[in-house]
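J.:
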Amino acid sequence: MSVSMTVNGRERTAVVEPRKTLADFLRQDCALTGTHLGCEHGVCGACTVLVDGQAVRSCLVFAVQGEGHEVTTVEGLTGPDGALTPVQEAFRAEHGLQCGFCTPGFVVSATALLAENPRPTDDEIREGLSGNLCRCTGYQGIVNAVRRACGRADANYSGSMEVPA
Amino acid sequence: MTAVADSPGAAAPSLAGAAGRWMGQSVPRKEDPRLLAGRGRYLDDIVVPGMLHAAFVRSDVARGRIVRVDTEAATALPGVRAVFTAADLNPLVHETWWSMAGKDAVYAPNFCLAEGDVRFVGDPVAIVLADSRYVAEDGVDLVELEVEADDPVLDVDAARSEGATLVHPELASNVASAIPKADVPGLQETFDSAATVVSETFVQHRYLPVPMETRGLLAQWDPFTEELDLWAATQSAHELRAFFSRLLGIPESRVRVRTPDVGGGFGQKVFALRDEWAVVLASKLLGTPVKFVEDRRENLIAASSARDDRMSMDVAVDPDGKFLAFRAELVENVGAYPFAGSGSAAALVGMCLPGPYTVPAIGFSGDAVFTNTTGRAPYRGPFLMETVVPEQIVDVVARRIGMDPLELRRRNVIQSSQLPYQLPTGLVYTGVTPAETLEQAAELIDYEGFRARQAAARADGRYLGIGISLCVEPSAIAFGALSTEGAVLKMEGTGTFNLVLGSSSTGMSVETTMRQVAAEYLGCHIDQITVTQGDTATTPYGAGTQGSRSAVLYGNVTREVSLEVRDKILRIAAHMLEASPDDLDIADGQVAVKGVPQAAVTFEQVATMAYQGTAMLPPDLRAGVEAVTRFTAPMMTFVNACHICTVEVDPDTGQVQMLRYVVSEDCGQMINPKVVEGQVAGGVVQGIGGVLYESFVYDEVGNPLTGSFVDYLLPTAAEVPDIEYGHVESGTSNALNVKGVGEGGAVASPPAVFNAVADALAPLGVELRGTPLGPRQILDALAAAGH
Amino acid sequence: MKAAPFGYSAPRSLDEAIEILGQFDDDAKVLAGGQSLVPVLAMRLSRFEQLVDLQHVPDLVGVTRSNGTVRIAAMTTHTAVGRSAEAAAVPLLTKATPFIGHEAIRNRGTLGGAIAHADPAAEWPAVALALGARLEATGPDGTRIIPAAEFFLGTWTTALESTEVLVAAHFPVWDGACGFAVEEAARRHGDFAMAGVVCAVQLDGDRVARAALAFLGVDGTPVRAASAEAAVTGVATGDVDAAEISALAVEGLQPPDDLHASGAQRQRMSRVLAQRAITNAIEEATRA
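Chains as they are written, first to last, in the working numbering: chain A, 784 to 948; chain B, 282 to 1068; chain C, 26 to 313.
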């Protein structure tokens, strides 16, 4: 069936089987391969995109369900000049990525998290990121990146936070 | 610390202990902007016209005879191009051995697809080629596979016993390889006469590498040129090239392997597994491109296994707590089709068993055993039992003799004054610092302070624990195909540089770190250097990115090739400036006469002279600025670290909360500290995951019970603490003064976590003898101790 | 891991949805948030001929409060429930929300979907059972109200007919000095609980006027601890022996064995969690 939705501000239309996931529609029909498939059963978060501004696992949505909605992928976060967003800059500064495969999902999730809660506590950061899996970084650079992105003046981001016993 | 100037002309940077312009700096990564913007190109992102997609019919029985495979309905499904079985593909297989293991290693039978019988759940029986993965999976559902199930061989002891059913009837036994128990003179006497002997057996359960990107490859066999063009999510493009040329029986020159961005490997992506062979063979048969990207279920069940070891160890101790002897017996469950030979790491475990301690006598033996389960592939520190079991038994010894585990380690750790130190196994440590890291880690975690807090918490009915793991492990193991790496460094026509390496980085930041090394030794900005890797057509032969070898191998070869190029630049600049090379300085991409800054030429000007103004070069100065060289590493570069962590255990629910985690590590000079810490952190969290959350489980007939992320649990950001780092920098035996750091985090962490949990529960009389330590296991252990 | 083919309808009215369900009977499945259904389809554990997407059916989203009841329309997402000021009048709803998976799951998953799916370890069914919620279902023969106590029949099995659509859940509001608690023991943050408990207490003066206690993850359906509720009712808060009440609450529980915990271990966890929940709920009620 035909499906039409706005992706990164642009109307995209394709003919798809109902079973085609939103993730595959984005990757294949829209050639937006920044959204990745890490598990295809809704656990790893690598496929996270924004649907109508909310973080969503695109492997758990069928493209046909996206009819008429607004989808933002990682490619749609950067400005028209391609400049990295503050969240992306923070990831870069804190080495919040290594292989980069989980990164788009984290960037989208962190962007949504901070849009909702601009000054999260450490617990809120960790809980807010607990729906995304990373295998390379041990989450250290990622948590530091989110701390940095929300301008935490109290944090010494580079691996030496004061922690209680 | 040796100075590194070994080329004529102006002194190359001497980096004794201090960070340079680029070396030792946490520069942001070159890889990041495109990866952050979603512009990475991973295997599944690659699309070529006419490509088919593969899916596999896999056995859901662990052992049995294939009665029938009917592919008719599948083949007839619209969108399915072909379905192949063993009859189609296996006859096309020529040879299947790996450069790293050698032709004469004992390999499991090299059936590409299961032929006549199946030997583990997940065993590939048929490959379906279709227009999309969706349709390929529909095709898989339509293949009728009938298997007469038989009792599988699942237990390593049963497998080794007399008259055991053979996993591979083609082989003589289920023992894939063995290190026999040698008669070590005096060893038994040492045990017999020791003040204390502690003998325990520890189990390390099966857990998996789980890179976030699953395995994948895109095979393009060109029937006209009879060449294979392969894109592979691999850690070792050259190894794959050699392998597939052998598989197909064609010269290596007709195989090209390219590595796109790869989403992690951790050892699982070093070798191509049997289903990947089928993809290449299918492409050959059809003459069309074939792409295979395994799904997560396949990655967990059918790709590879890891860990799954059992080691019995005896420790003889004198009245002062000094270790007199270690003796160990290792049994490895390598599954049905282990990688590259037997999949055993026992030789390394045996050689490295004394670890950071002065142990006068060592005994070691081991068996690697086939079972009807998924075959073993390397996983970050495959030899980790050389740290896991000794560190866990050292704590048992401490408790047994009534000594604090920190004190016991202090009494036995090798001191710097004892270097170089030869182990009873023959290996020699030169620059390791276990004693220093032990002290630094103890201070970072405030060990004494914690013991006081722990006591207070116990009075309150809370169970806190602290665990130490002191580790010396071999990085950059350099024998055979792993012993060297090459580099090509070309100054381009406009004065920038192209550094060409045989690496296939899968997240190790090779592109960033090697630019740092090159820029430091060339004397220019890192932006002047591009790194080319992951293409066998253009890069020098090498073993790829694995085994913590990148810093030592790629780092040193980059240093050497940079010094050669630097030397050439100086000689050309000397000619241009009518000076002697000894009177020149290089900085920021400029060569200037010492003390006469206006007498300078830029690298761009040097390039112009080298490539265009060649008529003006003196007869003894060849045109161009380019060099190629190869670095041979020492057999092993020992690297060491001390991990200490604290936990709280809830005795009612069996849940463990990580409190603090400190790492004091010595990897020699750090090229990029944040990269180093990132590598350590990733390994640490894999160890936390391995002990507390991840467990690959089979039922009693060899069916996997943990085939998705719903059941195979990876730690998230909410389960791990901030990791705190201390760094020690010792000397090494290589000129760049670096050691490998990729695996250490994953090697040292499991016993640190284990020891912390054991320490927390010790007052309750709980004795832990293995992992996993999920709620079930902890509550079972508490129940066994009467709680 | 791609789903097998299916047909898809996105009806614009409840009647249309019910008609399609009637057409396909057991071969059709309602698609709500998809957070439970889609993984099952992707893994090909189940397949359906037709999915009926309810997202365009009007009046299936929203939280309203009237008199002593909070009505949550079935397609209201977990996130929306957690943020709703009206739903906050039933504090167990607000307190349970953070335990449901992760943010991205909560943004799509729906309260109605979760109740109709009836996973043994899900939070909403336990809350519904504990509070005696009423489930409103519409089918070809009209609308009916099913009390929570009659709704959950077994693992993933409810009293809903295959031709019925759950349209709303009605939760009673507890007035006065009340306290609420949700406790879970899960492997990781957001995982299905090995055992969990939801608890509500209402005080009259310094006595417990009524109590509600239900377990999740310990059986095929949520389990109400009626004897424990009775035992604590009428007792002065200072005299409540939470340890004793929780031991009573778990008597007779026969939780399942799995990789994470044995049945006995789950029972023990349930007791400890119940003790914590009762203590915390009473403490909150005392401060109210």
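All C-beta atoms in this analysis are idealised placements derived from N, C-alpha and C, irrespective of residue type, glycine included.
On the CB-based measure, 16 or more other CB atoms within 10 Å of its CB, does residue 505(B) come out buried or exposed?
T.: Counting Cβ neighbours within 10 Å, residue 505(B) comes out exposed, since fewer than 16 surround it.
J.: Does the beta-carbon of residue 295(C) have 16 or more other beta-carbons within 10 angstroms, so that it is buried, or is it exposed?
T.: Burial call: buried.
J.: Using 10 angstroms around the beta-carbon of residue 797(B), count the other beta-carbons present and answer buried if the total reaches 16, otherwise exposed.
T.: Counting Cβ neighbours within 10 Å, residue 797(B) comes out buried, since at least 16 surround it.
J.: Hey, would you say residue 379(B) sits closer than 9 Å to residue 523(B), going by beta carbons?
T.: Yes, these two residues count as a Cβ contact at 9 Å.
J.: Quick one: grab the DSSP three-state call for residue 27(C).
T.: Three-state result, residue 27(C): coil.
J.: Under 9 Å, Cβ to Cβ, is there at least one residue of chain B near residue 32(C)?
T.: Chain B, which has no Cβ nearer than 9 Å to the Cβ of residue 32(C), makes this no.
J.: Take residue 935(B) and list the residues in its own chain whose beta-carbon comes closer than 8 Å to its own, dropping the five residues that flank it on each side.
T.: Excluding sequence neighbours, residue 935(B) sits near 1055, 1056, 1057, 1058, 1059, 1060 and 1063.
J.: At the level of alpha carbons, what is the spacing between residue 909(B) and residue 789(B)?
T.: Using only the alpha carbons, I get a separation of about 23 Å.
J.: Using CA atoms only, rank isn't needed, just tell me which of 885(B), 397(B) and 438(B) is closest to residue 426(B).
T.: Answer by Cα proximity: 397(B).
J.: If the cut-off is 7 Å on Cβ atoms, which residues from the region 334-362 of chain B count as contacting chain C, listed in chain order?
T.: Flagged: no residues at all.
J.: Sort 95(C), 307(C) and 179(C) by Cα distance to residue 238(C) and report the nearest one.
T.: The residue with the shortest Cα to Cα distance from residue 238(C) is 307(C).
J.: Which residues in chain B sit within 7 Å of residue 27(C), going by Cβ to Cβ distance?
T.: By Cβ distance, chain B contributes 414, 415 and 418.
J.: Please list the residues of the region 60-74 of chain C that have a C-beta atom closer than 7 Å to any C-beta atom in chain A, keeping them in chain order.
T.: Within the region 60-74 of chain C, the qualifying residues are 60, 63, 64, 67 and 68.
J.: Anything in chain C within Cβ reach of residue 831(A), meaning under 8 Å, just list it in chain order.
T.: Here the neighbours are 129.
J.: Count the other C-beta atoms from every protein chain shown that fall within 10 angstroms of the C-beta of residue 865(A), then say buried if there are 16 or more, exposed otherwise.
T.: Classification of residue 865(A): exposed, given that the 10 Å Cβ count is below 16.
J.: Taking only three categories from DSSP, how would you classify residue 961(B)?
T.: Residue state, collapsed to three classes: helix.
J.: Given a threshold of 16 other Cβ atoms within 10 Å of its Cβ, counted over all protein chains shown, does residue 1004(B) qualify as buried or as exposed?
T.: Flag for residue 1004(B) reads buried.
J.: Which of the three DSSP states, helix, strand or coil, is assigned to residue 779(B)?
T.: Looking at residue 779(B) - three-state DSSP - the assignment turns out to be strand.
J.: Using a Cβ-Cβ cutoff of less than 7 Å, which residues in the same chain neighbour residue 199(C) once the five nearest sequence positions on both sides are dropped?
T.: Cβ neighbours of residue 199(C) beyond the five flanking positions: 225 and 227.
J.: Roughly how far, in whole angstroms, is the beta-carbon of residue 959(B) from the beta-carbon of residue 920(A), given that I think they are within contact range, below 8 Å?
T.: Right, the Cβ-Cβ distance comes to about 6 Å (below 8 Å), so this counts as a contact.
J.: Return yes when the Cβ of residue 974(B) is within less than 9 Å of the Cβ of residue 940(B), no when it is not.
T.: Not a contact, by the Cβ cut-off of 9 Å.
J.: Any Cβ of chain B within less than 9 Å of the Cβ of residue 785(A)?
T.: Not closer than 9 Å to any Cβ of chain B, the Cβ of residue 785(A) fails to qualify, so no.
J.: Could you tell me which chain B residues have their CB closer than 9 Å to the CB of residue 887(A), listed as they occur along the chain?
T.: Within chain B, the residues near residue 887(A) are 316, 317, 318, 319 and 321.
J.: Would you call the region 618-629 of chain B and the region 591-599 of chain B touching, i.e. three or more CB-CB distances under 8 Å?
T.: In short, these stretches do not touch, since the Cβ pair count stays below three.
J.: For residue 947(A), which residues of its own chain have a beta-carbon under 6 Å away from its beta-carbon, when the five flanking residues on both sides are left out?
T.: Unreliable positioning characterises residue 947(A) in this predicted model, as indicated by a pLDDT of 27, which lies under 50. The coordinate reading is nonetheless provided below. Result list for residue 947(A): empty, nothing under 6 Å.
J.: What residue range is occupied by the uninterrupted alpha helix (DSSP H) comprising residue 120(C)?
T.: Start and end: 116-121.
J.: Classify residue 375(B) as buried or exposed, calling it buried when 16 or more other Cβ atoms lie within 10 Å of its own Cβ.
T.: Exposed is the call here.
J.: From the DSSP output, which residues share a beta bridge with residue 337(B)?
T.: BP columns for residue 337(B) point to 408(B).
J.: Would you tell me roughly how many angstroms separate the C-alpha atoms of residue 754(B) and residue 715(B), rounded to the nearest one?
T.: Taking the straight line joining both Cα atoms gives about 11 Å.
J.: Residue 997(B) touches chain C at which residues, Cβ-Cβ below 7 Å?
T.: Residues of chain C passing the Cβ test: 213 and 214.
J.: Buried or exposed for residue 433(B), please, with buried defined as at least 16 other CB atoms from any protein chain shown within 10 angstroms of its CB.
T.: So residue 433(B) ends up on the buried side.
J.: For residue 944(A), name the three-state secondary structure that DSSP assigns.
T.: Any reading at residue 944(A) must be qualified, since the residue scores a pLDDT of 32, below 50, and its modelled position is unreliable; no value is offered.
J.: Within 9 Å (strictly less), CB to CB, does residue 869(A) reach chain C?
T.: Cβ-Cβ to chain C under 9 Å: no for residue 869(A).
J.: Against residue 911(A), what residues of chain C qualify as contacts under a CB-to-CB distance less than 7 Å, listed in chain order?
T.: Under the 7 Å cutoff, chain C gives 128.
J.: Is the CB of residue 942(A) under 9 Å away from at least one CB in chain C?
T.: With a pLDDT of only 40 at residue 942(A), under the threshold of 50, the placement of this residue in the model should not be trusted, and no figure is reported.
J.: Residue 299(C) and residue 240(C): beta carbons closer than 9 Å?
T.: Yes, Cβ-Cβ distance for residue 299(C) and residue 240(C) is below 9 Å.
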